[in-house]
Each structure stands twice: as structure tokens, then as C-alpha cells.
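Heads up, the thing below is written out as C-alpha cells.
Residue numbers (full-length UniProt numbering): 1 to 134.
Printed below as a string of C-alpha cells:
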């Protein structure tokens, strides 16, 4: 039985199968996040990283992972989640700045139209009063 992982009992075999399936889930779950807008996608990836950490922590508590793995995993997950959240904050701020600039431009156009109407109606009133004098 070379090449196979020795497992004692059906419970251990079930755990190995579950870990194998779970090892594929993060790469499949991140695909929709990559198709999202950068702010939402980065936030979704940070949540997926945290969920993956919780899964590894449960495997560690069950005794399936060595101690060194979780100590390394903790720091790496913290750094990756912090990076994704900073990316989320960057794109969220950029989107807010763009929306603010767009709203200010729309307000300026609206003010210019209102001023043009006011001057046109003022000119029409001046013409009407001039004609009334004649």
C-alpha cells in the first residue's frame, strides 16, 4: 500500500476526505470574488481567508494539523486579511471620491442651467418692460 496515507478507521478516512474536499473549496470560492468590483471582491476574499483559518483551527483542535502549522498560519492569515482590508479601504475611498466629484459636477451644471434660465427670464422681462414703455 505504498503511496496511500495510513489512516486508522473510517473516522480518520472520513476526515482525510473532508480535508481533501475542503482544500479545493477556497480556490473555487474566490472565483466569484475575482469577478466583483475591487472593493467588494477584496472584502469577500478577506472573509474567505478568515473562514479558511477557522476551518484549519478546527482541524488543529481535532489533532489533524501540527502546532507549527497553526502558528505560521495565524500570522500569514492576519497579514493577508489586513492586506485585503486595506485594499478594500483604498478602493472604497476612491469610489467615494469619484461619486463626490460626479455629484459636484452635476450640481455645477444644474446651477449653470438655473442661472441661464434666470438671466433669460430677466432679459425677457426687460424686453417686456421696454415694450410696455413704448
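Glycine included, each C-beta is placed from N, C-alpha and C at the ideal position.
Given the structure is predicted, the values throughout are model-derived calculations rather than measurements.
Checklist entry - At a Cβ threshold of 7 Å, is residue 21 touching chain D? => result Looking at the structure shown, chain D is missing, and only one protein chain is on hand.
Checklist entry - DSSP state of residue 63, grouped into three classes? => result coil
Next on the checklist: With distance defined between alpha-carbon atoms, name the residue in 91, 63, 94, 46 nearest to residue 79.
Outcome noted: 46
Checklist entry - Per the contact definition of three or more C-beta pairs closer than 8 Å, is the segment 41-61 in contact with the segment 96-104? => result no
Checklist entry - Does the Cβ of residue 84 have 16 or more other Cβ atoms within 10 Å, making it buried, or fewer, making it exposed? => result buried
Item to check | Other residues of its chain near residue 56: CB distance less than 8 Å, five sequence neighbours each side excluded | outcome: 65, 69, 70, 73
Checklist entry - Is residue 131 helix, strand or coil by DSSP? => result helix
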